[in-house]
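A short write-up of the structure that comes next.
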Amino acid sequence: MRDRLFTRDELALDPVDLAHLLLGSVLEADGPDGTVGVRLVEVEAYRGEDDPASHCYRGKTPRNAVMWGPAGHLYVYFVYGMHFCANIVGTHEGMPGAVLLRAGEVVTGLDLVRKRRPNARGTGELAKGPAILTSVLRVDRAQNGVDLTDPASPVRLYVGERVPAELVRTGPRVGVAMAMDTPWRFWVDGSPAVSTYRRGGKRRVRPAS
DNA sequence: CTGGCGATGAACT
DNA sequence: GTTCATCGCCAGT
Numbered sequence: 227m228r229d230r231l232f233t234r235d236e237l238a239l240d241p242v243d244l245a246h247l248l249l250g251s252v253l254e255a256d257g258p259d260g261t262v263g264v265r266l267v268e269v270e271a272y273r274g275e276d277d278p279a280s281h282c283y284r285g286k287t288p289r290n291a292v293m294w295g296p297a298g299h300l301y302v303y304f305v306y307g308m309h310f311c312a313n314i315v316g317t318h319e320g321m322p323g324a325v326l327l328r329a330g331e332v333v334t335g336l337d338l339v340r341k342r343r344p345n346a347r348g349t350g351e352l353a354k355g356p357a358i359l360t361s362v363l364r365v366d367r368a369q370n371g372v373d374l375t376d377p378a379s380p381v382r383l384y385v386g387e388r389v390p391a392e393l394v395r396t397g398p399r400v401g402v403a404m405a406m407d408t409p410w411r412f413w414v415d416g417s418p419a420v421s422t423y424r425r426g427g428k429r430r431v432r433p434a435s
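This is the structure we're talking about:
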């Protein structure tokens with residue numbers, strides 16, 4: 227199921243290419259109570275300063291500095307007061323970029339995940355959603371910037387079973403009003419862990435004043 | 001099943 | 001003061 231760690235060179239790609247590569251790969255994280263691994267089945271590409279939806283869009287800040295760093299590192303940020311989201315940095319040729327991890331299937335530490343999320347139902351839906359994924363992996367601010375290609379890191383990225391191209395679906399990114407014409411959300415068709423909510427189309431519109 | 005909305009905090013304007 | 005790459009609850013179909 228998992229083979230070896232990715233190397234930094236393999237991950238230094240345009241975010242769209244990196245997103246394809248990451249589907250099927252396995253992210254493993256050591257928590258205080260044990261290790262959990264997930265096979266990534268849904269991701270979104272975020273480019274650099276030319277992508278209005280990217281944290282990079284308005285330049286480098288203390289929060290997003292990791293995105294300007296070397297590829298293969300984890301970028302974790304805090305959002306909506308109670309959630310963390312995790313990205314894998316794919317900086318190449320000096321261009322910042324990252325891939326948001328939206329959902330995965332638990333492949334190791336299943337019992338642990340059930341204890342961490344007693345409310346969740348089903349087996350394939352334990353890591354459905356970006357903030358749920360981080361809570362399942364116990365990834366938060368403390369893991370921001372860790373090197374996923376280092377075997378000694380608390381969070382690591384492994385090469386997984388390759389996802390057949392015909393199973394990869396694409397669509398607009400979730401929650402991004404602009405750039406609906408750039409289908410930079412990628413998921414594995416048929417996986418129960420893919421977030422089904424909002425059916426890819428209708429997003430909440432800003433309330434009219 | 002669906003859609004609305006509250007909670008909650010840090011970065012940014 | 002506003003935005004934000006959100007989730008889970010609750011009420012209505």
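Everything in the first sequence is counted per the working numbering, starting at 227 for the first residue and increasing by one. In this text, a Cβ means the ideal position worked out from N, Cα and C, and glycines have one as well. Being a predicted model, the structure only gives us computed values, none of them experimental.
Proximity winner among the options, relative to residue i (alpha-carbon distances)
i	options	result
residue 342	349, 361, 330	361
residue 322	309, 304, 295, 411	295
residue 377	310, 247, 298	298
residue 380	242, 247, 260	260
residue 302	326, 279, 280	326
residue 411	242, 238, 229, 230	242
Integer-rounded CB distance, given that residue j should sit under 8 Å from residue i
i	j	result
residue 394	residue 249	6 Å
residue 240	residue 318	7 Å
residue 254	residue 384	6 Å
Coil, strand or helix - residue i by DSSP
i	result
residue 396	strand
residue 362	helix
residue 309	strand
residue 277	coil
residue 248	helix
residue 429	Caution is warranted here: a pLDDT of 36 is assigned to residue 429, below 50, making its placement in the model unreliable, and the coordinate value is therefore given only provisionally. It is coil, neither helix nor strand.
residue 235	helix
residue 271	strand
residue 420	coil
residue 339	helix
residue 324	strand
residue 240	coil
Per DSSP, cross-strand counterpart(s) of residue i
i	result
residue 283	Note: residue 283 sits in no beta bridge, so no partner.
residue 354	329
residue 371	The partner list for residue 371 (beta bridge, DSSP) is empty, contrary to what the question assumes.
residue 300	314
residue 381	255
residue 291	DSSP lists no partner for residue 291.
Checklist entry - Does the region 331-339 come close enough to the region 366-384 that 3 or more CB-CB pairs lie under 8 Å? => result No: the two stretches stay apart, fewer than three of their Cβ pairs being nearer than 8 Å.
Checklist entry - Are the region 231-239 and the region 373-387 in contact at 8 Å, needing three or more beta carbon pairs? => result At 8 Å Cβ cutoff, the stretches touch.
Checklist entry - If we count Cβ pairs, one from each stretch, closer than 8 Å, do we get three or more for the region 249-269 versus the region 279-289? => result A contact between stretches requires three or more CB pairs, one per stretch, nearer than 8 Å, and the region 249-269 fails this requirement with the region 279-289.
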